[in-house]
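**Student:**
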Amino acid sequence: MDFKHLVNTRYSVRSYSSQPVEEEKLMLVLEAACKAPSAVNYQPVKFYVIKSPGKLQEIFGCYHRTWFSTAPVVIVVTGLHSIAWKRGSDGKDHTDIDAAIAIDHLTLQAADLGLGTCWICNFDVEKTSKTLGLSSGEEPIALIPLGYPSDENIPVKKRKRLNEMVEWL
Ligand SMILES: Cc1cc2nc3c(=O)[nH]c(=O)nc-3n(C[C@H](O)[C@H](O)[C@H](O)COP(=O)(O)O)c2cc1C
């Protein structure tokens, strides 16, 4: 897909069909996420792919929305604060930035393959950590449902106008 078209057509999909995600497509999505740049190339991000019915039920329990439990795959993105770059001048931890770039690669690659995704950050962190058996230095950052959208209608983007967001100096 032409990049401009891709950016305009990716949207938060909140209803998934039961059609399974092909293994090759899932691998392309994960590869795109793993190719994302990160501060000092430290790559402090991990991806947990949840596909088995039992684990899916557990992860659906971490974010109670009917639409979420229609997803055939959920990717949990975690950040490893201990290995992330911290800026020398103020100690700023770049884990969240690195994870966000990886997730953006993931969601755009998915959209290019006709797959839907949605960022979810409003989840139960403690329950998610328990479900994945994460150690204390590993923070779940987002849950990303992945699957074919059950609805073909692409919503119109609601965004601030460019001149509200950009300043020319
Ligand atoms: C960091 C972040 C966290 C988000 N968390 C949630 C969430 O918990 N639940 C949800 O339904 N959507 C969530 N979203 C999706 C946003 O609501 C959505 O991206 C925004 O409204 C723009 O719509 P669009 O993605 O369709 O272009 C999140 C998006 C981002 C970037």
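Numbering follows the working numbering, in which position 169 of the sequence shown is assigned residue number 1660; successive positions increment by one, without gaps.
We put the CB at the ideal spot given by N, CA and C, even for glycine.
1. Would you kindly report the start and end of the unbroken beta strand (DSSP E) that includes L1634?
2. Could you say which of E1658, E1655 and P1646 lies nearest to V1504 if we only look at CA atoms?
3. Tell me whether Y1554 counts as near ligand 1, meaning its Cβ is closer than 8 Å to at least one heavy atom of that ligand.
4. Taking 8 Å as the cut-off, is the beta-carbon of R1501 closer than that to any non-hydrogen atom of ligand 1?
5. Specify, as a first and last residue, the run of the beta strand (DSSP E) that G1545 falls within.
6. Please state whether DSSP places V1531 in a helix, a strand or coil.
7. For the segment 1633-1643 and the segment 1593-1613, state whether three or more C-beta atom pairs, one from each stretch, are separated by less than 8 Å.
8. Using the DSSP secondary-structure output, state which residues sit across from G1579 in a beta bridge.
9. Note down, in chain order, each residue of its chain lying with its Cβ closer than 6 Å to the Cβ of K1537, except the 5 sequence neighbours on either side.
10. Given a threshold of 16 other Cβ atoms within 10 Å of its Cβ, counted over all protein chains shown, does L1653 qualify as buried or as exposed?
11. Can you tell me whether DSSP reads F1494 as helix, strand or coil?
12. Where do the ends of the beta strand (DSSP E) carrying L1571 lie?
13. If V1512 sits next to V1564, beta carbons under 8 Å apart, how far is it from one beta carbon to the other, in whole angstroms?
14. Just to check, is the beta-carbon of P1646 closer than 8 Å to a non-hydrogen atom of ligand 1?
15. Assuming I1594 is part of the alpha helix (DSSP H), what are its boundary residues?
16. To the nearest angstrom, report how far apart S1509 and N1613 are at their CA atoms.
**Tutor:** Reading off the structure:
1. Within the sequence shown, residue 1634 is the residue found at index 143, counting from 1. Note, L1634: beta strand (DSSP E), E1629 to G1638.
2. The residue you call residue 1504 lines up with position 13 of the sequence shown. Comparing Cα positions, the closest option is P1646.
3. For the purposes of this step, residue 1554 is taken as residue 63 along the sequence shown, with counting starting at 1. Correct: Y1554 has its Cβ closer than 8 Å to ligand 1.
4. Residue numbering aside, residue 1501 sits at position 10 when the sequence shown is read from its first letter. Under cutoff, so the answer is yes.
5. Against the sequence shown, residue 1545 aligns to sequence position 54. No beta strand (DSSP E) holds G1545; the alpha helix (DSSP H) holding it covers P1544 to F1551.
6. Taking the first residue of the sequence shown as 1, we reach residue 1531 at position 40. Three-state DSSP puts V1531 in a helix.
7. yes
8. By one-based count along the sequence shown, residue 1579 stands at place 88. According to DSSP, which records beta bridges pairwise, G1579 is partnered with nothing at all.
9. Here residue 1537 refers to the residue found at position 46 when the sequence shown is read from its first residue. Cβ within range, chain order: T1569.
10. Working through the sequence shown from its first residue, we reach residue 1653 at position 162. The residue in question, L1653, is exposed, as its Cβ has fewer than 16 Cβ neighbours within 10 Å.
11. For this step, residue 1494 is matched to residue 3 along the sequence shown. DSSP places F1494 within a helical segment (H, G or I) once states are collapsed to three.
12. What you label residue 1571 is simply residue 80 of the sequence shown in a count that begins at 1. Here the beta strand (DSSP E) through L1571 covers V1564 to L1571.
13. Position 21 of the sequence shown, counted from the first residue, corresponds to residue 1512. Position 73 of the sequence shown, counted from the first residue, corresponds to residue 1564. Indeed they touch by this definition, with Cβ atoms about 5 Å apart.
14. Translated into the one-based positions of the sequence shown, residue 1646 becomes position 155. It does: the Cβ of P1646 is within 8 Å (strictly closer) of some heavy atom of ligand 1.
15. Position 103 of the sequence shown, counted from the start, is the residue given in the question as residue 1594. It spans T1586 to D1603 - the alpha helix (DSSP H) in which I1594 sits, taken as one unbroken run.
16. Walking along the sequence shown from the start, residue 1509 turns up at place 18. Walking along the sequence shown from the start, residue 1613 turns up at place 122. Cα to Cα, the separation comes out at about 24 Å.
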